[in-house]
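Asker: One structure, pasted below without further comment.
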Amino acid sequence: ATKGGLYRSTDSGASWSSVVSGLTEVQLAAVAFAPDDGQAAFVAGVIMHRSVDGGLTWVPVKTFEFPVAALAVSTNFSDDGTAALSFGRNGNGIFITTDAGASWQPSLTGLTDLFVNDLAIANDGTLLAVASDGGFHRADDPLGPWTVFNDGFEPLSDQSPDHYFAVSPSPAFDQDGTAFVAAFEGLFKSTDRGESWSQADLYHQRINREVSPSP
């Protein structure tokens with residue numbers, strides 16, 4: 026997904042072709058496939074589009090006030106139809122679908138910061154999110170409520186207006202409870218479902234923008 030349209034590869038990224046069928050906007054910020062169904066996908070800028078044929082054609086399903094910054098799809102999407110999105114520094118919190126994208130509703134209860142930079146859905150359905158100043162939030166149900174857990178994070182630096190950038194659960198989150206948070210203040214790891222955090226000491230501070238554990 027780019028500011029100039031959507032591109033699709035079927036050879037592991039060696040070559041790309043433009044995808045335009047059904048898309049009603051060009052500036053796109055987030056795209057995600059359903060992990061258990063390679064034919065189901067979402068892409069969004071201000072408008073959320075859904076595909077049921079592997080991203081070849083798209084149908085608009087929801088228009089938001091701001092462009093989507095982060096998008097996550099449940100690992101059990103075929104069964105639970107759950108996906109989540111947020112808008113980063115534009116605020117507005119988190120929206121959830123539990124009907125495969127047909128409808129979206131806000132999930133705000135318990136959020137201490139509506140500037141949600143990233144979110145993820147673990148393999149047991151737990152929702153994880155990080156907000157700019159508010160830190161790590163967890164919801165054990167798709168529609169919340171959210172609970173904040175910031176024990177172990179370092180004090181927020183005055184060198185940046187934005188602090189918590191990315192969150193990623195272990196592919197075996199249901200068994201090991203492990204998650205990572207990438208922040209301006211460093212890279213952090215939890216092994217108790219996010220309830221406490223420790224400095225991972227893998228990278229220097231101020232460069233942690235994304236983290237992705239190997240499956």
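So the sequence shown is numbered by this note's numbering: it starts at 26 and just counts up by one.
C-beta: ideal position from N, C-alpha, C; glycine also.
(1) For Glu-210, is the classification buried or exposed, using 16 other Cβ atoms within 10 angstroms of its Cβ as the cut-off for buried?
(2) Take Gly-177 and list the residues in its own chain whose beta-carbon comes closer than 6 Å to its own, dropping the five residues that flank it on each side.
(3) Can the beta-carbon of Ser-239 be found closer than 7 Å to that of Ser-193?
(4) So, using beta-carbon positions, are Ser-43 and Gly-30 closer together than 7 Å?
(5) Please state if the CB of Asp-143 and the CB of Ala-191 are separated by a distance shorter than 7 Å.
(6) Enumerate, from N- to C-terminal direction, the unbroken beta strand (DSSP E) stretches of 3 or more residues contained entirely within the segment 138-217.
(7) Return the Cβ separation of Gly-202 and Asp-217 in integer angstroms, given the expectation that the two are a contact with Cβ distance under 8 Å.
(8) Helix, strand or coil for Gly-113 per DSSP?
(9) Does the pairing of the segment 84-94 with the segment 115-132 give three or more beta-carbon distances under 8 Å?
(10) Give me whichever residues DSSP pairs with Arg-234 in a beta bridge.
(11) Can you look up Phe-67 in the DSSP assignment and give me helix, strand or coil?
(12) Just verifying my parser: in three-state terms, what is the DSSP assignment at Asp-105?
(13) Go ahead and pull the three-state DSSP assignment for Gln-224.
(14) Mind reading off the beta-carbon distance from Leu-139 to Gly-160? Whole number of angstroms is fine, and I expect it under 8 Å.
(15) Where does Thr-107 land, buried or exposed, given buried means 16+ other C-beta within 10 angstroms?
(16) Going by DSSP, what residues sit across from Lys-87 in a beta bridge?
(17) DSSP puts Asp-62 in a beta bridge; with which residues?
(18) Which residues mark the beginning and the end of the beta strand (DSSP E) in which Ser-42 is found?
(19) For a cutoff of 7 Å on Cβ pairs, would you count Val-236 as touching chain C?
(20) Just to check my reading of the structure: Ala-66 and Ala-145 have Cβ atoms closer than 8 Å, yes? What is that Cβ distance to the nearest angstrom?
(21) Drop a sphere of 10 angstroms on the beta-carbon of Val-51, count the other beta-carbons inside from all chains shown, and report buried for 16 or more, exposed for fewer.
Answerer: Walking through what the data contain:
(1) The sequence position of residue 210 within the sequence shown is 185, counting from 1. Result: buried.
(2) The residue labelled residue 177 in the question sits at position 152 within the sequence shown. Within the same chain, Ser-221, Trp-222, Ser-223 come within 6 Å of Gly-177 by CB-CB distance, once the 5 residues on both sides are set aside.
(3) Against the sequence shown, residue 239 aligns to sequence position 214. Against the sequence shown, residue 193 aligns to sequence position 168. Against a cut-off of 7 Å, the Cβ pair of Ser-193 and Ser-239 comes out as no contact.
(4) Looking up residue 43 in the sequence shown gives position 18. Looking up residue 30 in the sequence shown gives position 5. Gly-30 sits close to Ser-43, with the two beta carbons spaced by under 7 Å.
(5) Within the sequence shown, the letter at position 166 stands for residue 191. Within the sequence shown, the letter at position 118 stands for residue 143. Result yes, Cβ atoms of Ala-191 and Asp-143 sit closer than 7 Å.
(6) Segments of the beta strand (DSSP E) lying fully in the segment 138-217: 141-146, 152-156, 160-164, 189-194, 204-208, 211-215.
(7) The residue you call residue 202 lines up with position 177 of the sequence shown. The residue you call residue 217 lines up with position 192 of the sequence shown. 5 Å between Cβ atoms; contact.
(8) Counted from its first residue, the sequence shown places residue 113 at position 88. Of the three classes helix, strand and coil, the one that applies to Gly-113 here is helix, per DSSP.
(9) Yes, the segment 84-94 touches the segment 115-132.
(10) Here residue 234 refers to the residue found at position 209 of the sequence shown. Per DSSP, none; premise fails for Arg-234.
(11) The count along the sequence shown starts at 1 and reaches residue 67 at position 42. Reduced to three states, the DSSP call for Phe-67 is strand.
(12) The count along the sequence shown starts at 1 and reaches residue 105 at position 80. In the displayed model, Asp-105 falls within a helix according to three-state DSSP.
(13) For this step, residue 224 is matched to residue 199 along the sequence shown. Strand.
(14) Residue numbering aside, residue 139 sits at position 114 when the sequence shown is read from its first letter. Residue numbering aside, residue 160 sits at position 135 when the sequence shown is read from its first letter. Here Leu-139 is actually not in contact with Gly-160; their C-beta atoms are around 13 Å apart, not less than 8 Å.
(15) As a working note, residue 107 is residue 82 in the sequence shown. By the 16-neighbour rule on beta-carbons within 10 angstroms, Thr-107 is buried.
(16) Against the sequence shown, residue 87 aligns to sequence position 62. Paired residues: Met-73.
(17) Taking the sequence shown and counting its residues from 1, the one referred to as residue 62 is at position 37. Paired residue(s): Ala-59.
(18) As a first step, residue 42 is located in the sequence shown; it is residue number 17 there, counting from the start. Segment 42-44, the beta strand (DSSP E) holding Ser-42.
(19) Reference to chain C is not applicable here, since this structure consists of a single protein chain.
(20) Position 41 of the sequence shown, counted from the start, is the residue given in the question as residue 66. Position 120 of the sequence shown, counted from the start, is the residue given in the question as residue 145. Between Ala-66 and Ala-145, the beta carbon gap of about 17 Å keeps them out of contact (Cβ cut-off 8 Å).
(21) Counting from 1 along the sequence shown, the entry for residue 51 is found at position 26. Label assigned to Val-51: exposed.
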